[in-house]
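In my numbering, the protein residues as written are 493 to 669.
For glycine and all other residues, C-beta sits at the position ideal for the given N, C-alpha and C.
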């Protein structure tokens, strides 16, 4: 994890955040290849930060790298889904990309797994997450009683950051209308 790489990611996310309105109203199309690559690189930085620093309980020698990382998290968190979000993009692709950003945010801020070794807690990224899987639970998102079945509410949607197939997240986005 290098300062310039994290700074570049932050700048690229800032561009998406600045274009939220035209993207959500379908005035601009999302370059999905660019977005998926940005999400993948962001996942890799978060994964590296957890494995190299956070789960080892240490900081990088250069404190500016830590601050740049925190700023990155702050910026891409502004691109996440929020209740009653307007989306007039084709097939609600904008919402699907916001869900990816939300999954990245959750990956960044929540613990992955823990085990005890010699009476010490050891934190680590489980194999499922390390392989790039982000999970979304339908009942975490708004719904109107009676318009969605109990079975649908129990549904779990998976997005793999390395495959970049948004099909399931588009399905989730369209169920939130």
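Look at the alpha carbon of residue i and the alpha carbon of residue j, and state the distance between them as a whole number of angstroms.
i           : j           : result
residue 652 : residue 590 : 15 Å
residue 510 : residue 556 : 24 Å
residue 586 : residue 609 : 43 Å
residue 539 : residue 504 : 19 Å
residue 673 : residue 575 : This structure cannot settle anything about residue 673, because the visible part of the chain is limited to 493 through 669.
residue 497 : residue 606 : 29 Å
residue 559 : residue 532 : 21 Å
residue 570 : residue 600 : 14 Å
residue 521 : residue 631 : 29 Å
residue 658 : residue 583 : 11 Å
residue 514 : residue 612 : 50 Å
residue 516 : residue 573 : 11 Å
residue 501 : residue 530 : 7 Å
residue 495 : residue 512 : 26 Å
residue 588 : residue 665 : 6 Å
residue 551 : residue 545 : 6 Å
residue 635 : residue 543 : 36 Å
Determine the DSSP secondary structure at residue i, reduced to helix, strand or coil.
i           : result
residue 561 : helix
residue 616 : strand
residue 637 : coil
residue 514 : helix
residue 581 : coil
residue 547 : helix
residue 553 : coil
residue 504 : helix
residue 519 : coil
residue 621 : helix
residue 496 : helix
residue 632 : helix
Going by the DSSP bridge assignment, what does residue i pair with across the sheet?
i           : result
residue 627 : 650
residue 608 : 613
Starting from residue i, trace the alpha helix (DSSP H) in both directions and tell me its first and last residue.
i           : result
residue 598 : 585 to 601
residue 642 : 642 to 645
residue 544 : 524 to 544
residue 661 : 659 to 667
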